[in-house]
Amino acid sequence: MTKSMEKIVSLCKRRGIIFPSSEIYGGFANSYSYGPLGSEIKKNVKDLWWKNFVRDREEMVGIDGPILLHPKTWEASGHLENFNDQLVDCKNCRARLRADHLVESKLKIDCEGLDDDAVSKLIAENDIKCPKCGEKNFTPVRKFNLMFSTEMAKTGEHSQAFLRPETAQAIFLDYKNVVDSTRVKLPFGIGQIGKAFRNEITPGNFIFRVIEFEQMEIEYFIRPENWEKLFEKWFDAMKNWCEEIGLSPENFHEYEHAPEKLSHYSKRTIDIEYDFPFGKKELYGLAYRTDFDLTQHEKFSNQKLRWRDEGGEPFVPHVLEPTFGVDRTILAVICEGFCEEKLEDGSERVVLKIVPKLAPVKVAVFPLMKKDGLPEKSREILEKLKIFGLVQYDDGGAIGKRYRRHDEIGTPVCVTVDYETLENESVTIRDRDTMTQERIKISELVAKLSEKYFS
Ligand code: ATP
Numbered sequence: 000m001t002k003s004m005e006k007i008v009s010l011c012k013r014r015g016i017i018f019p020s021s022e023i024y025g026g027f028a029n030s031y032s033y034g035p036l037g038s039e040i041k042k043n044v045k046d047l048w049w050k051n052f053v054r055d056r057e058e059m060v061g062i063d064g065p066i067l068l069h070p071k072t073w074e075a076s077g078h079l080e081n082f083n084d085q086l087v088d089c090k091n092c093r094a095r096l097r098a099d100h101l102v103e104s105k106l107k108i109d110c111e112g113l114d115d116d117a118v119s120k121l122i123a124e125n126d127i128k129c130p131k132c133g134e135k136n137f138t139p140v141r142k143f144n145l146m147f148s149t150e151m152a153k154t155g156e157h158s159q160a161f162l163r164p165e166t167a168q169a170i171f172l173d174y175k176n177v178v179d180s181t182r183v184k185l186p187f188g189i190g191q192i193g194k195a196f197r198n199e200i201t202p203g204n205f206i207f208r209v210i211e212f213e214q215m216e217i218e219y220f221i222r223p224e225n226w227e228k229l230f231e232k233w234f235d236a237m238k239n240w241c242e243e244i245g246l247s248p249e250n251f252h253e254y255e256h257a258p259e260k261l262s263h264y265s266k267r268t269i270d271i272e273y274d275f276p277f278g279k280k281e282l283y284g285l286a287y288r289t290d291f292d293l294t295q296h297e298k299f300s301n302q303k304l305r306w307r308d309e310g311g312e313p314f315v316p317h318v319l320e321p322t323f324g325v326d327r328t329i330l331a332v333i334c335e336g337f338c339e340e341k342l343e344d345g346s347e348r349v350v351l352k353i354v355p356k357l358a359p360v361k362v363a364v365f366p367l368m369k370k371d372g373l374p375e376k377s378r379e380i381l382e383k384l385k386i387f388g389l390v391q392y393d394d395g396g397a398i399g400k401r402y403r404r405h406d407e408i409g410t411p412v413c414v415t416v417d418y419e420t421l422e423n424e425s426v427t428i429r430d431r432d433t434m435t436q437e438r439i440k441i442s443e444l445v446a447k448l449s450e451k452y453f454s
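For the sequence shown, counting from 1, position 142 maps to 141 in numbering that gives the first Met the number 0; every step adds exactly one.
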């Protein structure tokens with residue numbers, strides 16, 4: 000059964016996972032804030048990625064580069080010239096629209112590679128109407144660069160700068176400094192997590208396409224003769240990651256870009272697509288960028304960016320780029336985990352079956368009553384459980400209601416403290432997914448939860 004995006008968005012808002020941003024001013028250009036629980040999920044995603052792809056791999060190092068880079072970067076990378084969408088304005092209702100999307104949805108053809116005039120002609124000749132007002136009164140198609148530009152206070156040659164549209168270029172700019180300051184040997188990779196900005200004309204589908212987002216990217220520097228084998232290795236690592244974050248293999252798919260559709264820098268690209276409730280869409284990508292970027296930066300900077308083997312000829316290393324969107328990861332994880340279940344007693348529950356590693360609240364502790372020393376005992380237990388991450392004390396309402404509250408936000412396990420606890424130092428633990436309950440000794444609690452949920 001397809002899950003309802005409307006219900007997912009509403010749960011995210013209601014429970015402080017993701018809010019529309021600038022809401023008191025009526026919202027702003029499809030941007031979102033991660034609330035108290037969403038920011039925990041986001042941190043968990045980024046920490047897990049960093050551990051998995053940077054810390055745990057001997058041939059990887061990390062950097063944290065700036066958002067504003069030397070403007071020549073974007074000339075060299077091709078973004079100034081090529082990072083464009085084709086747009087039209089409806090002269091009647093003033094809607095700004097992606098011209099290629101208009102054509103694709105009506106004629107089911109791909110506009111990749113067609114120039115502005117050709118797309119204008121397709122719109123004019125095929126009775127394509129404005130989806131907002133139904134009129135056929137468009138401006139000619141024109142290119143629109145997706146980079147956000149900004150003014151530097153200092154005047155002179157470089158008064159205009161750009162917010163980076165991808166984190167990758169900061170890595171290429173730091174290639175030389177990393178090689179000079181560390182003991183890396185080919186093949187090696189540089190990983191980075193950070194914000195990227197794109198002036199998307201038609202943002203939408205919640206946090207799937209936004210103007211400000213985060214990427215987790217790796218530039219993996221290799222000898223060109225090894226690219227095919229290493230490409231496969233990275234693609235396997237990306238699929239393993241998808242499983243580690245709880246996506247079922249039947250919900251994510253490989254999509255190989257046809258050679259004539261590749262970006263200007265790529266010789267091979269495979270995306271991982273995910274079955275979102277609004278359709279199968281790109282989640283991650285893996286591209287073989289050849290030596291395009293470093294060669295371009297050599298040309299534009301007049302610096303040598305070569306690898307030198309002892310006694311061998313210096314050469315520009317080639318690059319594989321596994322790229323992961325943080326926001327799309329969170330969206331996929333939430334869509335995958337969101338379930339509405341009918342229970343035996345006829346009632347319903349909403350449960351977010353998110354892997355414990357990513358769950359915002361790891362454990363909740365409930366005193367059965369707000370008296371007789373049960374709150375104090377609960378807080379004592381809560382302290383011990385802080386080693387797992389964020390844990391919450393909850394004494395509001397009936398126990399059943401508290402379970403439901405934590406099911407909705409994906410808390411993997413709840414611990415209830417009752418009068419028996421005071422007699423024999425035991426508590427009840429209740430599993431989110433199976434809803435089964437078990438009585439165990441407090442002295443065994445940390446080991447048990449560790450083994451079952453957080454190992
Ligand atoms: P799309 O075709 O959906 O616009 P893309 O191919 O332009 O994506 P890349 O340039 O490969 O995307 O960016 C790498 C990753 O960054 C994507 O796989 C995605 O996870 C994420 N990403 C790209 N654009 C956005 C956006 N506007 N909002 C949220 N995440 C994004």
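Glycine is no exception: its CB is placed at the ideal position from the N, C-alpha and C atoms. Bear in mind that the values here come from a model prediction, so they are computed numbers and not experimental data.
Beta-carbon proximity list for residue i, same chain, < 6 angstroms, skipping 5 on both sides
i, result
"residue 394", "366 and 369"
"residue 274", "250"
"residue 363", "391, 393, 405, 410 and 413"
"residue 176", "none"
"residue 384", "362 and 390"
"residue 53", "59, 61 and 190"
DSSP three-state assignment for residue i, whether helix, strand or coil
i, result
"residue 303", "coil"
"residue 183", "coil"
"residue 312", "coil"
"residue 190", "strand"
"residue 211", "strand"
"residue 440", "strand"
"residue 419", "helix"
"residue 289", "strand"
"residue 93", "coil"
"residue 414", "strand"
"residue 387", "helix"
"residue 248", "helix"
"residue 329", "helix"
"residue 206", "coil"
"residue 199", "coil"
"residue 297", "helix"
First and last residue of the uninterrupted alpha helix (DSSP H) at residue i
i, result
"residue 4", "4-13"
"residue 374", "373-384"
"residue 237", "226-243"
"residue 401", "398-407"
"residue 99", "98-106"
Beta carbon of residue i nearer than 9 angstroms to that of residue j
i, j, result
"residue 244", "residue 326", "no"
"residue 398", "residue 424", "no"
"residue 213", "residue 320", "no"
"residue 72", "residue 172", "yes"
"residue 189", "residue 66", "no"
"residue 267", "residue 230", "yes"
"residue 219", "residue 76", "no"
"residue 83", "residue 129", "no"
"residue 142", "residue 179", "no"
"residue 64", "residue 170", "yes"
"residue 253", "residue 269", "yes"
"residue 290", "residue 223", "yes"
"residue 98", "residue 119", "yes"
"residue 3", "residue 17", "no"
"residue 248", "residue 255", "no"
Neighbourhood of residue i by C-beta distance below 8 angstroms, restricted to the same chain and skipping five residues each side
i, result
"residue 458", "The first residue shown for the chain is 0 and the last is 454, placing residue 458 beyond what the model contains."
"residue 203", "29"
"residue 376", "366, 416, 420 and 421"
"residue 187", "58, 59, 60, 219 and 220"
"residue 184", "58"
"residue 112", "259 and 260"
"residue 236", "52 and 321"
Enclosing beta strand (DSSP E) for residue i [first to last residue]
i, result
"residue 430", "425-430"
"residue 350", "347-351"
"residue 338", "337-341"
"residue 320", "317-324"
"residue 392", "390-392"
"residue 358", "Segment: none, residue 358 is in no beta strand (DSSP E) and carries neither H nor E."
Neighbourhood of residue i by C-beta, 7 angstroms cutoff - its chain only, sequence neighbours within 5 removed
i, result
"residue 147", "161, 162, 196 and 198"
"residue 356", "43 and 47"
"residue 430", "412"
"residue 280", "207, 272 and 273"
"residue 348", "340, 342, 403 and 406"
"residue 439", "425, 426, 428 and 447"
CB contact check: residue i to chain D, cutoff 9 angstroms
i, result
"residue 258", "The question asks about chain D, but that chain is absent: this structure has only one protein chain."
- Item | Those runs of the beta strand (DSSP E) which lie wholly inside the region 7-89 and span at least 3 residues | 17-19, 31-33, 59-61 and 83-88
- Message: Extract the residue ranges of the beta strand (DSSP E) inside the region 250-284, only unbroken runs of 3 or more that lie entirely within it.
- Response: Taking only runs of at least 3 residues, the beta strand (DSSP E) segments lying wholly in the region 250-284 are 251-255 and 267-275.
- Query: Going along the chain, which unbroken runs of the alpha helix (DSSP H) with 4 or more residues stay wholly within the region 124-181?
  - Reply: 167-180
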